[in-house]
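Here's the structure we're looking at; comments come further down.
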Amino acid sequence: MEKLCWPDGKSFAFTVFDDTDRATPGNFEKVYDCLRDNGLRTTKSVWPIRGPQTSRLGGATCEDPVYLEYIRELLRDGFEIGFHGATYHSSERATIAHGLEYFHELFGSYPRTMANHAESAENIYWGDARLSGIRRQAYRLLHFKRLRFYGHCEKSPYFWGDLCRDRIDYVRNFTTGDINTLKAYPCMPYYDPQRPFVKQWFSSSEGPNVHSFLRVISEANQDRLEAEAGACIMYTHFAAGFQDTNGNLNQRFRELIRRLASKNGWFAPVATFLDYVRQQRGEHVIDAAERARMEREWIKHKIWTGTS
Ligand SMILES: [Zn+2]
Numbered sequence: 006m007e008k009l010c011w012p013d014g015k016s017f018a019f020t021v022f023d024d025t026d027r028a029t030p031g032n033f034e035k036v037y038d039c040l041r042d043n044g045l046r047t048t049k050s051v052w053p054i055r056g057p058q059t060s061r062l063g064g065a066t067c068e069d070p071v072y073l074e075y076i077r078e079l080l081r082d083g084f085e086i087g088f089h090g091a092t093y094h095s096s097e098r099a100t101i102a103h104g105l106e107y108f109h110e111l112f113g114s115y116p117r118t119m120a121n122h123a124e125s126a127e128n129i130y131w132g133d134a135r136l137s138g139i140r141r142q143a144y145r146l147l148h149f150k151r152l153r154f155y156g157h158c159e160k161s162p163y164f165w166g167d168l169c170r171d172r173i174d175y176v177r178n179f180t181t182g183d184i185n186t187l188k189a190y191p192c193m194p195y196y197d198p199q200r201p202f203v204k205q206w207f208s209s210s211e212g213p214n215v216h217s218f219l220r221v222i223s224e225a226n227q228d229r230l231e232a233e234a235g236a237c238i239m240y241t242h243f244a245a246g247f248q249d250t251n252g253n254l255n256q257r258f259r260e261l262i263r264r265l266a267s268k269n270g271w272f273a274p275v276a277t278f279l280d281y282v283r284q285q286r287g288e289h290v291i292d293a294a295e296r297a298r299m300e301r302e303w304i305k306h307k308i309w310t311g312t313s
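Residue numbers for the sequence shown, in this note's numbering: 6 to 313.
Here it is as structure tokens:
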């Protein structure tokens, strides 16, 4: 992959996909105030509708008027609103279709980016379906909790692959522990002919809670991202400890974001960033060798971090 130049003479790119788990009015807004004040525009995912069952992890949906008002404010201020499934638990096709339409009604367009949620049965190409061939078999052997996901299985009540393909531009898959997402996964965004219900895939750098997030965006890593003229899409949960129960924002987060923002970086939402990469390079269709390389990269990362 040829090296990219960033828009407006910027030296590197940095953005965040915020997984909405646990986010509820009063426990995450300071994070966004800080990003906004420092000129960063990122992607906040949502669940459009309230599920009929109770939420295992907790978190508000767009049916909560106070939460919705804040999400709309973020959209007005240039943040992107992404999709994290219709709600916080498994949804069948009709509910997902309704969730997407309701999203459109609320925000004026369909979501452009999406990430699968935890153990939701409608997750698309998830679990062992993230991998191919021998690596899929190895994954099965290593995972005792054999969850199955059906978003791409046409005969399942959880199938919504066609809706995903028609409505959503970018879906998140592989992760790395490196701040430079593009270095670990240089061909993103890409189309995978073996997974045709996803238009384009993107990867991310993993920092699921405040501690791991801060480790990835440390001073040394920021400097390296800049030196490498790289690009970072952090994947995190901004309701996971960034703001304490008294409503105070983590001080180190504030410092590190301020430091990052003082650099000559491009801080646009995930879809804007991915559009730019695609415009510069054209559509990229991965072949078997590229798929295998990415799968190995991901397995290496998972073994290293011990996460599933
Ligand atoms: Zn989630």
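Glycine included, every Cβ here is placed at the ideal spot set by N, Cα and C.
- In the three-state scheme derived from DSSP, where H, G and I count as helix and E and B as strand, G270 is classed as strand.
- For V176, the uninterrupted beta strand (DSSP E) run begins and ends at 175-181, by DSSP.
- Between L45 and the set A273, L136, W165, the nearest pair of CA atoms involves A273.
- Boundaries of the alpha helix (DSSP H) harbouring F218: 215-221, taken from the DSSP string.
- T59 and D249 have their C-alpha atoms some 24 Å from each other.
- For the options Y130, C237, A28, R259, the alpha carbon positioned closest to that of A276 is the one of C237.
- DSSP places F33 in the coil class of the three-state scheme, outside both helix and strand.
- The beta carbon of H306 lies closer than 7 Å to those of T180, T181, G182 in the same chain, with the five residues before and after it left out.
- The stretch 181-199 makes no contact with the stretch 143-157; the number of CB pairs closer than 8 Å stays below 3.
- Taking 3 residues as the shortest admissible run, the stretch 62-105 contains the following complete beta strand (DSSP E) segments, listed from N- to C-terminal end: 85-88.
- With a cutoff of 7 Å on beta-carbon distance, I101 and V51 are scored as not near each other.
- Each residue's CA atom was taken as its position, placing Y93 and A99 some 15 Å apart.
- Distance from M239 to F207 at the Cβ level is roughly 12 Å; contact not present, criterion being Cβ atoms closer than 8 Å.
- A Cβ-Cβ contact shorter than 7 Å links R55 with T66.
- Our two residues, V215 and M193, have alpha carbons roughly 26 Å apart in a direct line.
- Restricted to the stretch 191-257, the alpha helix (DSSP H) segments that are unbroken, complete and at least 4 residues in length are 215-221, 224-232, listed in chain order.
- DSSP places K305 within a helical segment (H, G or I) once states are collapsed to three.
- P12 is not a Cβ neighbour of V71, given a cutoff of 7 Å.
- DSSP places K49 within a strand segment (E or B) once states are collapsed to three.
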